[in-house]
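J.: Protein chains in written order, with our numbering: chain A, 1 to 114; chain B, 115 to 227. We put the beta carbon where it would ideally sit given N, CA and C, even for glycine.
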Amino acid sequence: AQSVTQLGSHVSVSEGALVLLRCNYSSSVPPYLFWYVQYPNQGLQLLLKYTSAATLVKGINGFEAEFKKSETSFHLTKPSAHMSDAAEYFCAVSRSEGNNRLAFGKGNQVVVIP
Amino acid sequence: DVKVTQSSRYLVKRTGEKVFLECVQDMDHENMFWYRQDPGLGLRLIYFSYDVKMKEKGDIPEGYSVSREKKERFSLILESASTNQTSMYLCASRTTGNTGEQYFGPGTRLTVT
């Protein structure tokens, strides 16, 4: 069954520094992968997704992620953190069974230090 | 734009009450989902529905039921609310196929006292 692992529930980053959030997946079939962001007291919104086209995917708000099959990874990056990037980030993989379900990681709470 | 709306942002109920959480989507999506979100546990799927009147249990269905009488509406029911059901509840919808993303509502923060 497909699953994702996100390590480090809380991530602190200085304003202007690189944001790097790691996501590793397990999948017996070619995966479809997603990153979502959740701002305080809001639902989740899609940052970007990988659906077997380009391996480097660009999303909203300057984020991008690279699919690396050999490493079973889909890490999220942003070159320069902004205070508005403080939020919770979730990686998800589309499950091949179970009628279009997604399997979510436990999330990373990002804190941006001025 | 896809819109997923939830009937309440905040809800306070007493132990033993029957609670209804309503979700409506406007994009004619076949699939709808109910999650609960707790700190450190991420999103856990309670139930989902892939068509009108069709439902399947998710990972944590105990203590919950659902209803989908119309395609655009998916209700989560807590038959007898308990304090351990205090949580954030998120509804989502998705079109059929593995490449499409899920669209989420704003969430309902339920407190059971």
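What are the boundary residues of the beta strand (DSSP E) that includes Y89 (chain A)?
T.: Where Y89 (chain A) is concerned, the enclosing beta strand (DSSP E) starts and stops at 87-94.
J.: Please list the partners that E215 (chain B) has in chain A, where partner means a Cβ-to-Cβ separation under 7 Å.
T.: Residues of chain A passing the Cβ test: F34, L46, K49.
J.: Roughly how many angstroms separate the alpha carbons of K106 (chain A) and Y25 (chain A), rounded to a whole number?
T.: K106 (chain A) and Y25 (chain A) have their C-alpha atoms roughly 12 Å apart.
J.: Mapping the DSSP letters down to three states, classify G105 (chain A) as helix, strand or coil.
T.: coil
J.: Skipping 5 residues on each side, what residues in its chain have a beta carbon closer than 8 Å to that of A17 (chain A)?
T.: Sequence-distant Cβ neighbours of A17 (chain A) in its own chain, meaning closer than 8 Å and more than five residues away, are S80, A81.
J.: How would you label K132 (chain B), buried or exposed, when you count the other beta carbons within 10 angstroms and need 16 or more for buried?
T.: exposed
J.: With burial defined as no fewer than 16 other Cβ atoms inside 10 Å of the residue's Cβ, what is the status of I60 (chain A): buried or exposed?
T.: exposed
J.: Got a sec, what are the start and stop residues for the beta strand (DSSP E) M141 (chain B) sits in?
T.: Looking at the DSSP string, M141 (chain B) is not in any beta strand (DSSP E), and its letter there is neither H nor E.
J.: Taking the Cβ atom as the reference point for each residue, do V4 (chain A) and V111 (chain A) lie within a distance shorter than 8 Å?
T.: In this structure, V4 (chain A) lies away from V111 (chain A), with their beta-carbon atoms at least 8 Å apart.
J.: Alpha carbon to alpha carbon, how far is M83 (chain A) from G62 (chain A)?
T.: 13 Å
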